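So the structure is just underneath, and the comments pick up after that.
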Amino acid sequence: RKEVEQDPGPFNVPEGATVAFNCTYSNSASQSFFWYRQDCRKEPKLLMSVYSSGNEDGRFTAQLNRASQYISLLIRDSKLSDSATYLCVVRGFGNEKLTFGTGTRLTIIP
Amino acid sequence: EPEVTQTPSHQVTQMGQEVILRCVPISNHLYFYWYRQILGQKVEFLVSFYNNEISEKSEIFDDQFSVERPDGSNFTLKIRSTKLEDSAMYFCASSGLTGDSWVETQYFGPGTRLLVL
Chain A
30 RKEVEQDPGP FNVPEGATVA FNCTYSNSAS QSFFWYRQDC RKEPKLLMSV YSSGNEDGRF
90 TAQLNRASQY ISLLIRDSKL SDSATYLCVV RGFGNEKLTF GTGTRLTIIP
Chain B
0 EPEVTQTPSH QVTQMGQEVI LRCVPISNHL YFYWYRQILG QKVEFLVSFY NNEISEKSEI
60 FDDQFSVERP DGSNFTLKIR STKLEDSAMY FCASSGLTGD SWVETQYFGP GTRLLVL
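Sequence lines, in order, name chains A and B. One rule links them: number in the numbering used here = place in the first sequence (from 1) + 29. So that you can map any letter, position 77 of the second sequence is 76 in the numbering used here, and since no number is skipped, the others follow by simple counting.
Rendered as structure tokens:
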């Protein structure tokens, strides 16, 4: 089983729509969870950390279900600039390594 | 906003040659990392570094690889004898508390694209 599993997509979504991504992770000892965004041939950039209580940052909402080992990201009112690959990332304690999923590719269509 | 920088942005080398990839982490960060991403694949962890020593390394990080922090600012990855399969984007990252985040977060440099011929 992959350590972090994501649907690779692609998701082609019209501008203004709502889109949701899911991710599962296999290591129940994982402590921290993130969504990173990666544009083509660029570095991963932190989009948001994911907390157990769920958290929101503008149009982005992230949820974590530790019991199911499941993480989600919801993007509302999608913009053309949201087109990117979204990486689900987990980590053990403190400053341990990040483990990445393969990413979900999103294209927003005008 | 502070950022991780990397040089060179691109490197082309012949198989068997040594390469050194350079990184300047964010200045108040204490943990440093190298990751790589082969074209079309996921980002993979190579090595982490803290307090002037390796804290963790992956199976990929074999004897051909080494890391060093030669001074107070640079963090380098050396590949001693490059192979074709070393062709990838190499990302440096550093970790610390930045801005109003209470979670230790890793910030990535723009990467060095290495092509081994």
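A virtual CB, placed ideally from N, CA and C, is assigned to each residue, including glycine. Since this is a predicted model, take the numbers as computed values, not measurements.
(request) Taking C-beta pairs closer than 8 Å, name the residues in chain B that A/P73 reaches, listed in chain order. (result) V42, F90, F107
(message) Just to confirm before moving on: does the CB-CB distance between B/V115 and B/L76 stay below 9 Å?
(response) no
(message) So that I know if they touch, is there some Cβ in chain B lying closer than 9 Å to that of A/L76?
(response) no
(request) Count the other CB atoms, across all protein chains shown, that sit within 10 Å of the CB of A/E44; report buried if there are 16 or more and exposed otherwise. (result) exposed
(message) Please report the distance separating the alpha-carbon of A/F63 from that of A/A91.
(response) 9 Å
(message) Is A/E32 near the ligand NAD - that is, is its Cβ less than 8 Å away from at least one heavy atom of it?
(response) Within the structure as shown, the ligand NAD is missing, as the structure has no ligands at all.
(request) Helix, strand or coil for B/D62, going by three-state DSSP, please let me know. (result) coil
(request) Would you check if the distance between the CB atom of B/C91 and the CB atom of B/L20 is smaller than 9 Å? (result) yes
(request) Give me whichever residues DSSP pairs with B/G134 in a beta bridge. (result) Summary: the structure shown does not reach residue 134 of chain B, with chain B confined to residues 0 through 116, and so no result is reported for it.
(request) Provide the residue span of the beta strand (DSSP E) that contains B/S10, from first to last. (result) Checking the sequence shown, residue 10 of chain B turns out to be Gln, not Ser. Residues 9-12.
(message) Considering only DSSP beta bridges, list what A/S61 is partnered with.
(response) A/R120
(message) Output needed for A/S61: all residues of its chain with C-beta closer than 6 Å, excluding positions within five of it in sequence on either side, in chain order.
(response) R120
(request) Could you check if A/S57 is buried or exposed, using at least 16 other CB atoms within 10 Å of its CB as the buried criterion? (result) exposed
(request) Could you name the residues of the same chain whose beta carbon sits closer than 7 Å to that of B/S54, not counting the 5 residues immediately before and after it, in chain order? (result) S47, F48
(request) Look up B/E55 in the DSSP assignment and say whether it is helix, strand or coil. (result) strand
(request) Sort A/Y54, A/P139, A/P37 by Cα distance to A/A96 and report the nearest one. (result) A/Y54
(message) Tell me the DSSP secondary structure of B/E0 in three-state form.
(response) coil
(request) Would you identify the three-state DSSP class for A/D86, choosing helix, strand or coil? (result) strand
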